[in-house]
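Asker: This structure is in structure tokens; I'll ask about it shortly.
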Amino acid sequence: MIKFNYFNFFMVTIILLILYTLMINYLHPIFILILIVIYSSIICFIMSSWSFNYIYSIMLFLIMISGMLIMFLYFTSLISNNQTKFITNIPLIFSFSLNIITIFSSLSYFNYPIYEYNELLPSMMLNSNMFNNISYIYSYPYSNITMICILYLLLTLFTIIKICSIKSTTLRKLN
């Protein structure tokens with residue numbers, strides 16, 4: 421059976437919140453993209469621990485990452501090419517790394533209850549019957565819509581690349 425520990429989930433959430441508060445001063449799309457990638461990978465790990473089938477977590481991760489990369493391309497083509505300044509706050513970085521080390525070392529020392537897959541709350545259980553509808557997007561009547569969406573995103577990606585490479589500048593008009 422798959423083991424699930426609520427304490428580990430709680431600690432990962434706290435680490436993500438600490439990372440968000442550290443990067444709140446940097447409102448650049450790159451930092452926000454890094455946070456969303458970390459968040460989607462954590463969600464995929466949690467989904468894979470809840471379910472016996474890993475394909476849904478992999479599909480979610482690939483969909484999130486591909487959508488984020490296309491949005492990142494739009495953002496970088498619209499913003500100016502200014503370099504970001506990294507403000508290094510040594511005490512803050514030291515305290516953050518010390519907290520992370522403490523949290524991960526405490527995971528092995530504390531013996532919090534580990535629940536079996538069957539013992540989880542019914543609202544927390546992800547049954548495979550819930551994910552039967554996701555396979556319909558690749559079946560006959562809906563596969564055309566899925567392919568149109570994929571081709572539309574690919575076409576817009578190529579269009580943005582072509583426009584940016586011809587002008588050798590961003591899409592936003594600079595003064």
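Note that my numbering numbers the sequence shown so that position 77 is 497, with each residue one more than the last. Even glycine gets a Cβ: it sits at the ideal position worked out from N, Cα and C. Since we're looking at a predicted model, the values are computed, not measured.
Pull up the distance between the alpha-carbon of Ser486 and that of Asn519, whole angstroms please.
Answerer: As a working note, residue 486 is residue 66 in the sequence shown. As a working note, residue 519 is residue 99 in the sequence shown. Roughly 32 Å between the two C-alpha positions.
Asker: Please report the distance separating the alpha-carbon of Phe481 from that of Ile462.
Answerer: Against the sequence shown, residue 481 aligns to sequence position 61. Against the sequence shown, residue 462 aligns to sequence position 42. Near 10 Å, if we compare the C-alpha coordinates of Ile462 and Phe481.
Asker: Should Ser585 be labelled buried (16 or more other beta-carbon atoms within 10 Å of its own) or exposed?
Answerer: The sequence position of residue 585 within the sequence shown is 165, counting from 1. Flag for Ser585 reads exposed.
Asker: Could you have a look at Tyr459 and say whether DSSP puts it in helix, strand or coil?
Answerer: Within the sequence shown, residue 459 is the residue found at index 39, counting from 1. Tyr459: helix per DSSP, three-state reduction.
Asker: Do you know offhand how far Pro561's Cα is from Phe514's?
Answerer: Taking the sequence shown and counting its residues from 1, the one referred to as residue 561 is at position 141. Taking the sequence shown and counting its residues from 1, the one referred to as residue 514 is at position 94. In a straight line, the C-alpha of Pro561 is about 55 Å away from that of Phe514.
Asker: So, at 6 Å on beta carbons, what are the nonlocal neighbours of Lys582 in its own chain, with the 5 sequence-adjacent residues on each side left out?
Answerer: Looking up residue 582 in the sequence shown gives position 162. Excluding sequence neighbours, Lys582 sits near nothing in its chain.
Asker: What would DSSP say about Tyr621, mapped onto helix, strand or coil?
Answerer: The structure shown has nothing for residue 621, since the chain only spans 421 to 595.
Asker: State the Cα-Cα distance for the pair Ser460 and Tyr476, rounded to the nearest angstrom.
Answerer: To locate residue 460, count along the sequence shown from 1; it is residue 40. To locate residue 476, count along the sequence shown from 1; it is residue 56. The alpha-carbon atoms of Ser460 and Tyr476 are separated by roughly 13 Å.
Asker: Suppose contacts are defined by Cβ-Cβ distances below 8 Å. Is Met488 in contact with Ile454 by that definition?
Answerer: Walking along the sequence shown from the start, residue 488 turns up at place 68. Walking along the sequence shown from the start, residue 454 turns up at place 34. Cβ atoms of Met488 and Ile454: not closer than 8 Å.
Asker: Cutting at 8 Å between CB atoms, please list the residues of its own chain near Ile490, excluding the five before and the five after it.
Answerer: As a working mapping, residue 490 is identified with position 70 in the sequence shown. The residues are Leu573, Thr576, Leu577.
Asker: Do you know how far the Cα of Met467 is from the Cα of Met479?
Answerer: Residue mapping note: residue 479 aligns to position 59 of the sequence shown, counting from 1. Residue mapping note: residue 467 aligns to position 47 of the sequence shown, counting from 1. Looking at the two C-alpha atoms, the distance is approximately 11 Å.
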